[in-house]
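Structure, as structure tokens:
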Amino acid sequence: MKRRFTGGELFQLRNRIPVDWLIKEQLHIPSKVIEGIFRFLCPLCNEFQTATNPKTNLARCFLCEKNFNPIDLVMTVKGVGFVDSVKYLQTLVPNRPDPLTDQRLELNQLIGDIGKRMRIG
Numbered sequence: 287m288k289r290r291f292t293g294g295e296l297f298q299l300r301n302r303i304p305v306d307w308l309i310k311e312q313l314h315i316p317s318k319v320i321e322g323i324f325r326f327l328c329p330l331c332n333e334f335q336t337a338t339n340p341k342t343n344l345a346r347c348f349l350c351e352k353n354f355n356p357i358d359l360v361m362t363v364k365g366v367g368f369v370d371s372v373k374y375l376q377t378l379v380p381n382r383p384d385p386l387t388d389q390r391l392e393l394n395q396l397i398g399d400i401g402k403r404m405r406i407g
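First residue of the sequence shown: 287, per the numbering used here; consecutive thereafter.
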């Protein structure tokens with residue numbers, strides 16, 4: 287059976303779309319910063335005992351003990367299945383800057399500039 291989405295596509299959606307941006311700007315889940323920590327209203331238990339981790343790009347509710355990646359969040363908040371969640375997130379990818387791609391472009395530009403500066407004659 288052929289897969290609808292590659293592992294790479296799913297990895298990109300889980301990791302390239304910042305979960306806090308998704309919560310606040312796209313899903314419009316009520317959120318606030320408490321003691322310097324971004325908190326959001328858990329879509330399952332409706333409590334603010336939550337946090338996000340930018341390193342893992344996961345959101346967690348400490349009351350429910352549930353972790354959410356971007357795909358899980360869309361499924362839960364919008365009440366859609368996996369395929370529709372992935373399709374929705376795919377529409378957001380072009381709108382988000384990719385820091386790694388941006389860094390690669392900057393490095394390539396620097397390398398090109400070094401080559402130009404070193405030419406003699």
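Note that beta-carbon positions come from the ideal geometry of N, C-alpha and C, so glycine has one too.
Simplified DSSP assignment, three categories, for residue i
i, result
"R289", "coil"
"L349", "coil"
"L327", "coil"
"F354", "strand"
"K318", "strand"
Residue closest to residue i, alpha-carbon to alpha-carbon, out of the options
i, options, result
"L330", "E311, K310, N339 and F354", "F354"
"W307", "G294, E321, N332 and N339", "N339"
"T292", "G367, D358 and V372", "V372"
"P356", "F368, C350, L349 and V319", "F368"
"E321", "L359, T336 and G365", "T336"
Identity of the residues DSSP links to residue i by a beta bridge
i, result
"N339", "L344"
Other residues of its chain near residue i: CB distance less than 6 Å, five sequence neighbours each side excluded
i, result
"A345", "V305, T338 and F354"
"N343", "N301 and V305"
Close beta carbons around residue i, own chain, < 8 Å, minus the five adjacent residues each side
i, result
"Q312", "L378"
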